[in-house]
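K.L.:
Have a look at this one.
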Amino acid sequence: MSTLISYQWEIFITIEIISVLALLLFGLFRYYLGQKKTGLILIVAFLGLVLLEAVLGVLIYQETGEFSTFTLIILIFVIYAFTFGIYDFLKLDRWMRKKFGQWRGVELLTEKDYQIMVRQKDPKHVAKVNRRSAMIHLIIFVIGQFVFWSYGTNGFEEMVGYLKDLSWFETGDYRDSPYPNETLYGIGSVWIIVFIVDFIYSWSYTIFPKKSF
Numbered sequence: 004m005s006t007l008i009s010y011q012w013e014i015f016i017t018i019e020i021i022s023v024l025a026l027l028l029f030g031l032f033r034y035y036l037g038q039k040k041t042g043l044i045l046i047v048a049f050l051g052l053v054l055l056e057a058v059l060g061v062l063i064y065q066e067t068g069e070f071s072t073f074t075l076i077i078l079i080f081v082i083y084a085f086t087f088g089i090y091d092f093l094k095l096d097r098w099m100r101k102k103f104g105q106w107r108g109v110e111l112l113t114e115k116d117y118q119i120m121v122r123q124k125d126p127k128h129v130a131k132v133n134r135r136s137a138m139i140h141l142i143i144f145v146i147g148q149f150v151f152w153s154y155g156t157n158g159f160e161e162m163v164g165y166l167k168d169l170s171w172f173e174t175g176d177y178r179d180s181p182y183p184n185e186t187l188y189g190i191g192s193v194w195i196i197v198f199i200v201d202f203i204y205s206w207s208y209t210i211f212p213k214k215s216f
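Per my numbering, the very first residue in the sequence shown carries number 4; after that it's consecutive.
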């Protein structure tokens, strides 16, 4: 187990690289070489690797007993894989069918695929998708921060006090914050900045929509 902890980042990165290769090989075997069974095996392997990452995160957490940056990264990757990752995979799948189809000189896309691809370029649709992702991020952000703060405060009233007075955010010391330790303070603070930037960026498609073409 000590070896697992010592090389946790190397193991995680290796799994991620193999996962990406599995997706690329899926497209190659299924759409270029026409080997559907091999393609299916590669997709199953990809899902297995995602679950392996989850297991890795659980083992590290059980051994160390703390919610570290590594544990958070694992959690984010696993949640992404089974939420937004599905949507992104479908986009990648259509892109691979288009490219491999062009190379083979065959049509691998359906009429529905073309309709979806046109819709994804529609500014109204793009704005809608980004609004939805922003609200999902908001929900996850609120729940995640609530969990973090619950470990470092004595109740809801104290949390409200920190919300009313944000001076703790500027001190750089977790002892002035609602977070229980330095690790969660660092994670929570970075997440706040990322959330604000992502939320503004996502809603910019609605406030400043691109012109239709």
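In this text, a Cβ means the ideal position worked out from N, Cα and C, and glycines have one as well.
Would Q65 count as contacting chain C if we go by Cβ distances under 7 Å?
P.N.:
Structure shown: chain C not included; a single protein chain is present.
K.L.:
Going straight from the alpha carbon of T17 to that of E161, what length do you get?
P.N.:
Whole-angstrom Cα-Cα distance: 42 Å.
K.L.:
Between the C-alpha atoms of G30 and K101, what's the straight-line distance to the nearest angstrom?
P.N.:
Taking the straight line joining both Cα atoms gives about 11 Å.
K.L.:
Return the CA-CA distance between R97 and I8, expressed in angstroms with no decimal places.
P.N.:
Near 38 Å, if we compare the C-alpha coordinates of I8 and R97.
K.L.:
Locate the alpha helix (DSSP H) running through G51, then write down its first and last residues.
P.N.:
Here the alpha helix (DSSP H) through G51 covers K39 to T67.
K.L.:
For G191, which residues from the same chain have a beta carbon less than 7 Å from its beta carbon, with the 5 sequence-adjacent residues on both sides left out?
P.N.:
Cβ neighbours of G191 beyond the five flanking positions: Q148, F151 and Y182.
K.L.:
Helix, strand or coil: which one does DSSP assign to M138?
P.N.:
M138: helix per DSSP, three-state reduction.
K.L.:
Name the residue from I82, Y177 and D201 whose alpha carbon lies nearest to the alpha carbon of T156.
P.N.:
The residue with the shortest Cα to Cα distance from T156 is Y177.
K.L.:
Please report the residue range of the alpha helix (DSSP H) in which R224 lies.
P.N.:
Beyond the ends of the chain as shown, which are 4 and 216, falls residue 224; an answer cannot be given.
K.L.:
Measuring CB to CB, does I77 end up less than 7 Å from E56?
P.N.:
Closer than 7 Å, so yes.
K.L.:
Below 7 Å between beta carbons: does that hold for Q11 and F73?
P.N.:
Going by C-beta atoms, Q11 is nearer than 7 Å to F73.
K.L.:
Find out if the Cβ-Cβ distance for the pair F49, T41 is shorter than 7 Å.
P.N.:
It is not a contact, given that the beta carbons lie outside the stated cut-off.
K.L.:
Could you check if Y154 is buried or exposed, using at least 16 other CB atoms within 10 Å of its CB as the buried criterion?
P.N.:
So Y154 counts as exposed.
K.L.:
S5: buried (16+ other C-beta within 10 angstroms of its C-beta) or exposed?
P.N.:
With fewer than 16 other Cβ atoms within 10 Å, it is exposed.
K.L.:
Alpha helix (DSSP H) containing R97: first to last residue?
P.N.:
Unbroken alpha helix (DSSP H) run through R97: F87 to R107.
K.L.:
Mind checking F15: buried by the 16 CB within 10 Å criterion, or exposed?
P.N.:
It counts as buried.
K.L.:
Beta-carbon separation of Y208 and A130 under 7 Å?
P.N.:
Yes.
K.L.:
Quick check on R180: does DSSP put it in helix, strand or coil?
P.N.:
The sequence given here has Ser at residue 180, not Arg. Correct three-state label for S180: coil.
K.L.:
Could you say which of E185, V81, S170 and W106 lies nearest to G51 if we only look at CA atoms?
P.N.:
G51 has its Cα closest to that of V81, out of E185, V81, S170 and W106.
K.L.:
For G60, count neighbouring C-beta atoms within 10 Å of its own C-beta (all shown protein chains included) and say buried if the count is 16 or more, exposed if not.
P.N.:
The residue in question, G60, is buried, as its Cβ has 16 or more Cβ neighbours within 10 Å.
K.L.:
E19 lies in the alpha helix (DSSP H); which residues open and close that run?
P.N.:
That run of the alpha helix (DSSP H) goes Q11 to G30.
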